[in-house]
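Participant: Residues 1 to 292 (full-length UniProt numbering) make up the sequence shown, in order.
The structure follows.
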Amino acid sequence: MWLYAWFERFWLHFTTSFSPFTLHTLFTFAIHEFAYWGVYLPYALMDRSKFFRRWKLQENTYGYSSSSKQSQKLPKEDAQKFWRCVLYVAANHVFLVLPLILVTHPLFEKLGTTHGLPLPSLREFIVQILFCLFVEDMCFYWGHRALHTPWLYRYIHAIHHQYTAPFGAVAEFAHPIEVIFLGMSTVAGPLIIGPHLLTLWGYLMVRCWQTVDCHSGYDLPWSLNRWFPLYGGARQHDHHHKTYSGNYASMFIHMDWLFGTDKAWRLSLQKAKAKHVRAVAQELAVSFSAER
Ligand SMILES: [Zn+2]
Ligand SMILES: [Zn+2]
1 MWLYAWFERF
11 WLHFTTSFSP
21 FTLHTLFTFA
31 IHEFAYWGVY
41 LPYALMDRSK
51 FFRRWKLQEN
61 TYGYSSSSKQ
71 SQKLPKEDAQ
81 KFWRCVLYVA
91 ANHVFLVLPL
101 ILVTHPLFEK
111 LGTTHGLPLP
121 SLREFIVQIL
131 FCLFVEDMCF
141 YWGHRALHTP
151 WLYRYIHAIH
161 HQYTAPFGAV
171 AEFAHPIEVI
181 FLGMSTVAGP
191 LIIGPHLLTL
201 WGYLMVRCWQ
211 TVDCHSGYDL
221 PWSLNRWFPL
231 YGGARQHDHH
241 HKTYSGNYAS
251 MFIHMDWLFG
261 TDKAWRLSLQ
271 KAKAKHVRAV
281 AQELAVSFSA
291 ER
C-alpha cells in the first residue's frame with residue numbers, strides 16, 4: 001500500500017510537470033519507442049552471440065547465415081538487411097505511428113482517457129490490459145487473414161514477408177497501409193474502454209514486447225510460450241514467416257485453433273517430436289549394442 005501511495009505522489013509530480021497534450025501524445029510515442037527498441041536490444045545482442053544460436057528457430061537470419069564464420073561482425077549482406085529493416089521501421093514510427101497517436105488523441109480524450117488521480121488499482125490495470133490484448137488478438141487475426149488474400153498480399157503484406165526468418169526489428173517492418181490497418185487492432189481495445197493513461201502505457205509496452213518477441217526468431221528456455229501454452233510466441237509466428245500461411249493471430253493460439261488455421265504448424269510440431277524420439281531411440285540402440 002505504501003508503494004501505491006508513493007507512486008501516486010510520484011505520478012502527480014510527474015504529470016503536473018508537463019502539459020496534458022505532451023503527456024498523451026509525445027510521451028505515448030516515447031513509451032512506444034522505448035519499449036520497441038528496448039525489448040529488441042537484448043535480441044540484437046543475442047544475434048551476435050554464438051551461445052544463443054542453439055535456441056534460434058531458423059538459421060538464415062541476418063548475422064546467422066551458415067556461411068558466417070564470425071559472430072561479432074555482420075557479413076556485408078546481412079548488415080545491409082539489418083540496416084534496411086531498422087531504418088524502414090524508424091521511418092514508419094516517425095511518419096506513421098506518431099501522426100496516428102496525434103490523430104487518435106482527441107478521440108481518447110472524449111472517451112475518458114485521463115492522467116489524473118486516483119490511479120487505477122493493480123487489479124483494474126491488469127484486467128484492462130488483458131482485455132485490450134484479447135481484443136487486439138481477435139482483430140489482428142481477421143485483419144492479418146485478410147492481408148493474405150491474393151491482391152492484398154501481393155501489394156501490401158508481401159513487404160512484411162520479405163524476411164522469411166524474422167528477427168526482432170522486423171515486427172513493424174511493413175507497408176504503411178498495413179501499419180495503419182493493423183495499428184487499428186492495437187487501438188481497438190483502448191477505444192472500447194477508454195483506459196487511464198497509465199494503463200494505456202502499460203498495454204502499449206506489453207504489446208511492443210509481444211510483437212518483438214514473436215519476431216525474435218528465438219525459442220528460449222524462459223520464453224513465455226514454454227509455461228503459458230495459450231501464448232503463441234516466436235515458435236508460432238516464425239512458422240508463419242517460413243511457410244507464408246496459417247498462424248494468423250498475433251499473441252494467443254486460440255483463434256487459429258478455433259478456425260483451423262494452425263493445422264500445418266501442429267503437424268510440423270508432431271513431425272519434429274517424432275524425429276527427436278527416433279534420434280534418441282537410435283542413440284540408445286547404438287550405445288546398447290556397443291556395451292554388449
Ligand atoms: Zn502474414
Ligand atoms: Zn510477422
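Glycine is no exception: its CB is placed at the ideal position from the N, C-alpha and C atoms.
Would the beta-carbon of His160 be found less than 7 Å away from any heavy atom of ligand 4?
Facilitator: Absent from the structure shown: ligand 4. Ligands present: ligand 1 and ligand 2.
Participant: Under the three-state reduction of DSSP, which class applies to Lys50: helix, strand or coil?
Facilitator: Lys50 falls in the coil class under three-state DSSP.
Participant: Within the present structure, is the beta-carbon of Pro176 separated from the nearest heavy atom of ligand 2 by less than 7 Å?
Facilitator: No, since every heavy atom of ligand 2 falls outside the 7 Å radius drawn around the Cβ of Pro176.
Participant: Could you tell me which uninterrupted alpha helix (DSSP H) segments, each at least 4 residues in length, are contained entirely in the UniProt domain "Fatty acid hydroxylase" (130 to 261), listed from first to last along the chain?
Facilitator: DSSP runs (the alpha helix (DSSP H)) wholly in the UniProt domain "Fatty acid hydroxylase" (130 to 261): 150 to 155, 176 to 193, 197 to 215, 224 to 227, 233 to 243 and 254 to 258.
Participant: Should Thr149 be labelled buried (16 or more other beta-carbon atoms within 10 Å of its own) or exposed?
Facilitator: By the neighbour-count rule (16 or more Cβ atoms within 10 Å), Thr149 is not buried but exposed.
Participant: Check whether the Cβ atoms of Phe140 and Ser250 sit closer than 8 Å, and answer yes or no.
Facilitator: Going by C-beta atoms, Phe140 is nearer than 8 Å to Ser250.
Participant: Verify whether the separation of the beta carbon atoms of Ala171 and Leu57 is less than 8 Å.
Facilitator: Not in contact: Ala171 and Leu57 (Cβ atoms no closer than 8 Å).
Participant: Using a Cβ-based criterion (distance less than 7 Å to any ligand heavy atom), does His93 qualify as near ligand 2?
Facilitator: No, Cβ of His93 sits at least 7 Å from all heavy atoms of ligand 2.
Participant: What does the Cβ neighbour count give for Trp222, buried or exposed, with the cut at 16 atoms within 10 Å?
Facilitator: The residue in question, Trp222, is exposed, as its Cβ has fewer than 16 Cβ neighbours within 10 Å.
Participant: Alpha carbon to alpha carbon, how far is Ile101 from Phe29?
Facilitator: Rounded to the nearest angstrom, the two C-alpha atoms are 7 Å apart.
Participant: Apart from the five residues on each side of it in sequence, which residues of its chain come closer than 6 Å, Cβ to Cβ, to His241?
Facilitator: Closer than 6 Å at Cβ, skipping near neighbours: Thr164 and Pro166.
Participant: Given this structure, state the Cα-to-Cα distance separating Trp191 from Asp137, to the nearest angstrom.
Facilitator: This sequence places Leu at residue 191; Trp is not what is there. Taking the straight line from one Cα to the other gives about 15 Å.
Participant: Please say whether Ile193 and Gln128 have beta carbons closer to each other than 8 Å?
Facilitator: Yes. Within cutoff.
Participant: Within 10 Å of its beta-carbon, does Ser66 have 16 or more other beta-carbons around it, so buried, or fewer, so exposed?
Facilitator: Only weak support exists for where Ser66 lies, its pLDDT of 39 falling under 50; the value from the coordinates is given anyway. Counting Cβ neighbours within 10 Å, Ser66 comes out exposed, since fewer than 16 surround it.
Participant: To which residues of the same chain is Cys208 closer than 7 Å at the C-beta, ignoring the five residues directly before and after it?
Facilitator: Closer than 7 Å at Cβ, skipping near neighbours: His32, Ala35, Tyr36 and Val39.
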